[in-house]
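A.B. asks: Per the working numbering, the very first residue in the sequence shown carries number 9; after that it's consecutive.
All C-beta atoms in this analysis are idealised placements derived from N, C-alpha and C, irrespective of residue type, glycine included.
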Amino acid sequence: MKNDRTNKEPTTWSICNYFWEIIGSLVCLLCGIIYVYIVRNIHEARMFFTGITEVEREISFRTENGLYYSYYKQLIQSPSLLQGVYDLTHDRLTEHPQAINVLARMNVYQEVVLAAIYRNVPFISSYMEPVFFYIYVVFFLHGLMICSLFVMTWVLSGTWLAGVLTFLFYLINSADVTRVETYMPLRENFSLPCLWMQLLAITLYFQSDSSPKLKNFYEKTISITTFLFALMWQFNQFALLLQCMALFGCQVLHVVNKKKILHVYISIFISMLVVSFLQFFNTMILSGFLLSFILAAFTIMYFQSTVQTTCRWFFKLFWMVFNVIAVFVVASFINALTKLIFQQESDEHINRFVLAKFGFSSLVDFDVRLYLCNGGFTFLSWDYAERLLVNMVLPQYILVHLVLLILLLITSINILFSAKTENIDSLIETSKTGDSNFSFSNYILKPEYSYHSIQMVFFGAVSIIAMRMKYFWTPYICVFASVCLFKHQPWALLVKKIFSNQKDAGRKLIPLEKCLLNCFKNVREEINNLREFYDPDTVELMHWIKSTNPGDSFSGSMQLMAAVKLSTGRPITNHPHYEDKGLRLKTKDIYKYYGRYSADEVHETLKKYQTNYIIMEDSICLVPLRDGCGLPYIMDMENGWELEQTSLKLVYKLNDTNIHPRFCEKVRYQEESYKMFFKLVFENKTFKIYLVL
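1. How should G559 be labelled, buried or exposed, when 16 other C-beta atoms within 10 angstroms of its C-beta is the threshold for buried?
2. Drop a sphere of 10 angstroms on the beta-carbon of M569, count the other beta-carbons inside from all chains shown, and report buried for 16 or more, exposed for fewer.
3. Can you round the beta-carbon distance between T58 and E52 to whole angstroms, since I take them to be within the 8 Å contact cut?
4. What did DSSP end up calling T291 once you bin it into helix, strand or coil?
5. Excluding the 5 residues flanking Y26 on each side, which residues of the same chain have their C-beta closer than 6 Å to its C-beta?
6. Answer with buried or exposed for N692, where buried requires no fewer than 16 other C-beta atoms within 10 angstroms of its C-beta.
7. My assumption, with CB atoms under 8 Å, is that L467 sits in contact with L250. Please give the rounded CB distance.
8. Can you give me the Cβ contacts of A124 inside the same chain, cut-off strictly under 6 Å, excluding the 5 residues immediately before and after it?
9. For S627, is the classification buried or exposed, using 16 other Cβ atoms within 10 angstroms of its Cβ as the cut-off for buried?
10. So, for H357: in the same chain, excluding its five sequence neighbours on each side, which residues have a beta-carbon less than 6 Å away from its beta-carbon?
11. Unbroken alpha helix (DSSP H) runs of length 4 or more, entirely within the segment 184-231: which are they?
12. Among the residues of its own chain, which have a CB less than 8 Å from the CB of F198, if the five just before and after it don't count?
13. What are the uninterrupted segments assigned as alpha helix (DSSP H) that are 4 or more residues long and contained completely in the segment 78-145, given in chain order?
14. For the candidate residues R604, V47, H611 and I623, whose alpha-carbon lies nearest to that of P640?
15. So, for I697: in the same chain, excluding its five sequence neighbours on each side, which residues have a beta-carbon less than 6 Å away from its beta-carbon?
16. When DSSP builds the beta bridges, which residues end up paired with I697?
17. May I ask you to report which of helix, strand or coil DSSP gives S606?
18. With a cut-off of 8 Å, do at least 3 Cβ pairs link the segment 224-234 to the segment 289-304?
19. Taking 8 Å as the threshold (C-beta atoms), are S279 and F235 in contact?
20. Starting from S284, follow the alpha helix (DSSP H) in both directions and report where the run begins and ends.
21. Under 8 Å between the Cβ atoms of L111 and F288?
22. How about A702 and I42: are their beta carbons less than 8 Å apart?
23. With a threshold of 16 other CB atoms inside 10 Å of the CB of E72, please say whether the residue is buried or exposed.
24. Only counting the same chain, and skipping five residues up and downstream in sequence, which positions put a Cβ closer than 6 Å to that of M328?
25. If F214 and P455 are in contact, beta carbons under 8 Å, what's the gap, nearest whole angstrom?
26. Taking the beta carbon of M643 as the centre, do at least 16 other beta carbons fall within 10 Å, making it buried, or is it exposed?
27. Look at F562 and V572 and say whether their C-beta atoms are less than 8 Å apart.
28. Quick test of your reading: P584 and L75, contact by CB under 8 Å. State the CB separation rounded to the nearest angstrom.
29. Note down the Cα distance separating C527 from L38, rounded to an integer number of angstroms.
30. Does the Cβ-Cβ distance between C672 and Y617 come in under 8 Å?
31. In angstroms, rounded to a whole number, what distance separates the CA positions of M477 and T619?
32. What separation, rounded to the nearest whole angstrom, lies between the Cα atoms of S22 and I418?
33. F488 and Y405 look like a contact to me (Cβ under 8 Å); what is the Cβ gap, rounded to whole Å?
34. Is it true that the CB of V44 sits closer than 8 Å to the CB of G151?
35. Assuming E625 and F686 make a contact with CB atoms under 8 Å, what is their CB distance in whole Å?
36. Would you grab the beta carbon distance between S354 and D588 for me? Rounded to a whole angstrom, and I think it's under 8 Å.
Structure (structure tokens):
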């Protein structure tokens, strides 16, 4: 009887586990579907997108969003897809009069794929308009992202209930995790779901108990998702560089199997090479610091394998420090060499911006000032921390991350003093991580936790430096805040001691209940707050521009020019995709009409770029002077005029008595000296259009 009982219990327990996992999988899928439904309805509540006109829908895609969507629209309206792709590779509308290869300069392959699907699947084209197919695909991708975060939390915590909590945390903190409800065409909205699918695959891959078949599957998944992420966002190098730095930290500390790290390195390296090829051998990728860093990491890894690892601890410690210094020295050398070979200078403004932001450079030019004045590149505000504190995620995250870093330190010390450090998987197996007699003296943190604890440091640091980067970090906060409340393994002992002894499983559902109530309240308020997109001045502007000759070109602010190209199809001289050096110089030259220049000098510049019309915006021209920001004042400082702080306000410190009046302020009066070059042809409360004579 006793033997029968012991034989039946494991079978019953396995069946229960099997059904519990099926329920978890269904709940994961349901969370993804619910998120798509919520995002779609929030967007509709904010914009009344189904009820406004096509022009209003298009101009709701502000700044660079409109530029990206314009290529999708262009491909849809082209006589054939091949003709549309050819037109993108020989484009004369985006940087008139210059012809550029849009596929080489911008990450718009997703627009090509979506246009190809829409044109070739009759069911889709007959069922919905192109714009709705476009935004619904973006919403669907973010549903997949929710599923990835759910499963990642499930894997790290051991229970899918933690995945539900992550989903609720994500919804409550939606303002700090995504911009998908408002800015669908942003590159990050296509690429971030791929990044989190990659991080999920890395989490599973780094586990030491995976079977060979699963490892092979994870390796392929990492390669595919890394490639897709790299293909769809110009910030790919930056994000993947942070990832490679985290991997290098794991490599130096010996907390993750070297072969697995090597595979991720190779996946990133090959992905970037393929993306460079697809972008017609984009030298900005080939000469970027990312590939240089990976090559340097390869070099360090080779020498690590040749150095005796059974030597004394102080030599191991010295070797670790030496590796960190060496990788940056070698990477900098390789990077300088590749930049020299490819004569690449398009990313130099990023280096100047970083140096200026931290006060290491007094050279603050036009490009750097534009970035410094951009709200997305300011330091993370205290409001962010306050919101996450109120929304119940920050305290748990800080706690669990500190515990992970402490245990990573303990693990590194244990590995440092171990007899051999070559095989982290064998060290995990011989440690007592699953034993009831747990001891820190031989504790080895599992590789997936070691990696994430380092990766979160890099994502957190860059988010604090530049607010726009918080979309890398906040989803991590949601995941590990949930893991903190549900994890039961020995690494969470410190967390358990800080919280009360929760033997009753029901008490652990209290955070879930609170989150559910808050989430339901927030979502209901957002959906019930019905609004409608309303911008009659811009709509009137677009209708007037459509009445001009199709070949007439327009100049104006970068943000507005994207909308002009999208809604009217007219050639524009500048745009908000600011990565090319030639375009940056051209934009600064064109922006003379917001500076203190004579009418004939501005006229000569615009004629050089074959501009037919300029669009002036009072919101830019008449902006009050605050902290030296505002395009007119950036132009003045670029010309050598300084600002000084008085007790009441900022004022100019000028020595030149022969200063021209500001062009955009003076041209509105149509005096003879201006009227002979520029004729006012359109005017409303927001915009003025001048014909360049």
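C.D. replies: Result, derived from the coordinates:
1. Working through the sequence shown from its first residue, we reach residue 559 at position 551. So G559 ends up on the exposed side.
2. Looking up residue 569 in the sequence shown gives position 561. Buried.
3. Here residue 58 corresponds to residue number 50 of the sequence shown, with the count starting at 1. Here residue 52 corresponds to residue number 44 of the sequence shown, with the count starting at 1. Indeed they touch by this definition, with Cβ atoms about 6 Å apart.
4. Position 283 of the sequence shown holds residue 291. It is helical.
5. Within the sequence shown, residue 26 is the residue found at index 18, counting from 1. There are no such residues.
6. Counted from its first residue, the sequence shown places residue 692 at position 684. With fewer than 16 other Cβ atoms within 10 Å, it is exposed.
7. As a position in the sequence shown, residue 467 is number 459, starting the count at 1. As a position in the sequence shown, residue 250 is number 242, starting the count at 1. Per the sequence presented here, residue 467 reads as Phe, with Leu not at that position. Right, their Cβ atoms sit about 7 Å apart.
8. Counting from 1 along the sequence shown, the entry for residue 124 is found at position 116. Cβ neighbours of A124 beyond the five flanking positions: L89.
9. Within the sequence shown, numbered from 1, the residue matching residue 627 stands at position 619. Classified as exposed, S627 has fewer than 16 neighbouring CB atoms from the shown chains inside 10 Å of its CB.
10. Residue 357 sits at position 349 when you count from the first residue of the sequence shown. Cβ within range, chain order: D375.
11. 195-214
12. Sequence index remark: in the sequence shown, residue 198 carries index 190 (1-based). So the qualifying residues of the chain are Q118, V146, L149, M240 and W241.
13. 89-97, 110-113, 117-128 and 130-135
14. As a working mapping, residue 640 is identified with position 632 in the sequence shown. Among R604, V47, H611 and I623, the Cα nearest to that of P640 is on R604.
15. For this step, residue 697 is matched to residue 689 along the sequence shown. Cβ neighbours of I697 beyond the five flanking positions: Y621, I623, V689 and F690.
16. Residue mapping note: residue 697 aligns to position 689 of the sequence shown, counting from 1. I697 pairs with I623 and F690.
17. Along the sequence shown, one-based indexing puts residue 606 at 598. Coil.
18. no
19. One-based indexing of the sequence shown puts residue 235 at position 227. One-based indexing of the sequence shown puts residue 279 at position 271. Cβ atoms of F235 and S279: closer than 8 Å.
20. Along the sequence shown, read from residue 1 onward, the residue named residue 284 stands at position 276. K266 to L286 is the span of the alpha helix (DSSP H), which, as asked, contains S284.
21. Working through the sequence shown from its first residue, we reach residue 111 at position 103. Working through the sequence shown from its first residue, we reach residue 288 at position 280. Yes, these two residues count as a Cβ contact at 8 Å.
22. As displayed, the chain neither begins before 9 nor continues past 701, which places residue 702 out of reach and without an answer.
23. Along the sequence shown, one-based indexing puts residue 72 at 64. That one is buried.
24. For this step, residue 328 is matched to residue 320 along the sequence shown. Same-chain partners within the cutoff: V260.
25. In the sequence shown, counting from the first residue as 1, residue 214 sits at position 206. In the sequence shown, counting from the first residue as 1, residue 455 sits at position 447. 4 Å between Cβ atoms; contact.
26. In the sequence shown, the residue the question calls residue 643 occupies position 635. Classification of M643: buried, given that the 10 Å Cβ count is 16 or more.
27. The residue you call residue 562 lines up with position 554 of the sequence shown. The residue you call residue 572 lines up with position 564 of the sequence shown. Result yes, Cβ atoms of F562 and V572 sit closer than 8 Å.
28. Position 576 of the sequence shown, counting from 1, holds the residue named residue 584. Position 67 of the sequence shown, counting from 1, holds the residue named residue 75. Cβ-Cβ separation between P584 and L75: approximately 6 Å, consistent with a contact (criterion under 8 Å).
29. The residue labelled residue 527 in the question sits at position 519 within the sequence shown. The residue labelled residue 38 in the question sits at position 30 within the sequence shown. So the alpha carbons of these two residues sit roughly 16 Å apart.
30. For the purposes of this step, residue 672 is taken as residue 664 along the sequence shown, with counting starting at 1. For the purposes of this step, residue 617 is taken as residue 609 along the sequence shown, with counting starting at 1. Not a contact, by the Cβ cut-off of 8 Å.
31. Taking the first residue of the sequence shown as 1, we reach residue 477 at position 469. Taking the first residue of the sequence shown as 1, we reach residue 619 at position 611. Going by the C-alpha atoms only, they are around 36 Å apart.
32. Against the sequence shown, residue 22 aligns to sequence position 14. Against the sequence shown, residue 418 aligns to sequence position 410. One C-alpha to the other measures close to 35 Å.
33. Your numbering for residue 488 matches position 480 in the sequence shown. Your numbering for residue 405 matches position 397 in the sequence shown. F488 to Y405, Cβ: 5 Å. Contact.
34. For the purposes of this step, residue 151 is identified with residue 143 of the sequence shown, where counting begins at 1. For the purposes of this step, residue 44 is identified with residue 36 of the sequence shown, where counting begins at 1. Yes, the pair counts as a contact, with Cβ atoms nearer than the cut-off.
35. Numbered from its first residue, the sequence shown carries residue 625 at position 617. Numbered from its first residue, the sequence shown carries residue 686 at position 678. Not a contact, Cβ separation roughly 15 Å.
36. Residue 354 sits at position 346 when you count from the first residue of the sequence shown. Residue 588 sits at position 580 when you count from the first residue of the sequence shown. Yes, they are in contact, since the Cβ atoms of S354 and D588 sit about 6 Å apart, within 8 Å.
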